[in-house]
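> The working numbering puts the first residue of the sequence shown at 164, with every later residue one more than the last. No residue lacks a Cβ here, since even glycine has one placed at the ideal position from N, Cα and C. Because the structure is a prediction, the values reported are computed rather than measured. The following block contains the structure, expressed as structure tokens.
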Amino acid sequence: MRVTAYPWASLERLPRRAWREARAARRAVARALQVERLAQAWSALTSSETHLVLGDVGVDALPSGSDAVALELSDGSLLLVSLEAALVSALLGRVLGRPVGLTAPGAPLDATLGGALAATLIEIARRSGAPEPLACATRAIPSGASAVRITGTVVFDGKPYAARCWVLPSQGPEPPLGLAELGDLPVALRLVAGLSLADPGELATLGPGDAWLAGAGFWLDASGAGRAALAAPRSERGIAVSLAPAGEVVVGDSVVELLLDVEGAMSSAKDDMGGALAEAVLDAPVVVRIEVGAVSMSAREWAALRPGDVIESGRRVNDPVVLRVAGREVARGELVEIEGELGVRIREVVP
């Protein structure tokens with residue numbers, strides 16, 4: 164057997180600056196455009212089947228004096244779009260309803276045709292459901308500035324045409340990643356149905372077959388209906404929801420405070436339940452969070468939720484009930500009714 168070294172020299176060398184610029188450009192475009200819907204919007208506007216095929220991505224200097232149309236994103240990023248002359252003629256001819264003749268390929272567009280093409284591209288972006296509006300660029304194009312270049316092919320009316328665009332991201336601070344930008348990444352939130360205080364010694368004695376009764380700390384009634392909150396395991400805030408007996412989850416319009424530690428619980432106990440519970444808090448109880456399932460959806464689906472939306476429980480909410488203390492599972496079980504009061508029968512104690 165012959166062993167040889169890996170051919171490191173054959174790997175493509177990508178400067179760190181180019182990688183950073185490409186990432187910033189991708190995020191700027193993702194915030195402003197629904198790229199996956201552009202072809203559908205183009206087809207709807209022109210009543211002709213259209214497909215977009217992505218080519219390669221690189222870093223080049225911005226073109227000057229070319230046939231590119233300059234657009235501006237809401238964050239100040241520049242987007243220069245250059246379409247093959249025959250495609251510009253076919254596209255504007257279809258939109259305007261009359262033949263459109265162009266000068267030599269690559270020659271700068273005159274003000275009228277450039278404005279018409281820019282307006283058409285902005286309308287295509289709008290029809291695609293772009294979250295932020297595009298506009299014609301109002302600032303000067305920095306000559307020779309480094310930008311991310313994207314090449315591709317537009318198949319319009321069955322004919323392929325060349326297309327290029329350059330993205331010059333805004334120089335301002337990069338905004339935090341939005342939830343929708345995570346796309347199909349699965350995100351699971353726990354369904355919190357109550358909070359209660361417990362003595363650590365009491366929790367330590369729990370075993371399979373025991374029942375945990377939260378009393379007034381349980382937000383559901385004996386039928387399983389009531390209020391709840393969607394939250395990450397260690398989060399102190401959650402999205403208010405309501406539960407129906409059949410298991411549907413209805414999204415609310417407020418945020419629920421979910422206490423993780425005794426200090427927060429003590430202040431709430433003093434305000435809400437008087438001195439007796441405050442005295443118990445001084446004996447070092449812990450906050451027990453009761454979770455009746457989990458809701459799992461893609462990040463894009465979470466971002467699209469609005470108050471009043473219903474999450475179908477049969478597909479996304481699981482059955483196990485979890486008792487959690489300070490972000491850590493301490494027991495798992497199932498809901499039971501004990502003389503009209505809802506409780507949790509312990510199936511497993513988590514070490």
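May I have the straight-line CA-CA distance separating Ala310 from Val198, to the nearest angstrom?
19 Å
> Can you list, in chain order, the residues of its chain whose CB lies under 6 Å from that of Val499, leaving out five sequence neighbours each side?
Gly506, Arg508
> Quick check on the DSSP output: the alpha helix (DSSP H) that includes Pro363 runs from which residue to which?
363-367
> Rounding to the nearest angstrom, what Cα-Cα distance links Gly456 and Ala193 in this structure?
One C-alpha to the other measures close to 33 Å.
> Kindly indicate the opening and closing residues of the beta strand (DSSP E) around Gly415.
412-420
> Taking all protein chains shown into account, decide if Ser430 is buried (16 or more other Cβ within 10 angstroms of its Cβ) or exposed.
Residue confidence is low: Ser430 scores 47 on pLDDT, short of 50, so the model does not pin down where it sits. Its coordinate-derived value is still stated next. With fewer than 16 Cβ atoms within 10 Å of its Cβ, Ser430 is classed as exposed.
> Which word fits Gly401, buried or exposed, when buried means at least 16 other C-beta atoms lie within 10 angstroms of its C-beta?
buried
> Would you mind sorting Arg501 into buried or exposed? The rule is 16 or more other CB atoms within 10 Å of its CB.
It is Ile, not Arg, that sits at residue 501 in the sequence shown. Looking at its Cβ environment, which holds fewer than 16 other Cβ atoms inside 10 Å, Ile501 is exposed.
> Assign Gly357 to one of two classes, buried (16 or more other C-beta atoms within 10 Å of its C-beta) or exposed (fewer than that).
buried
> Considering only residues of the same chain and omitting the five flanking positions on each side of Ala325, which have a CB-CB separation below 6 Å?
Glu247, listed in sequence order.
> Which class does Ile304 belong to by DSSP, given the choice of helix, strand or coil?
coil
> At 3 residues or longer, and completely inside the stretch 225-259: list those beta strand (DSSP E) runs for me, N to C.
232-235, 241-246
> So is Leu259 buried or exposed if we call it buried at 16+ other beta carbons inside 10 Å?
exposed
> Under a three-way DSSP split, which group does Glu454 fall into?
strand
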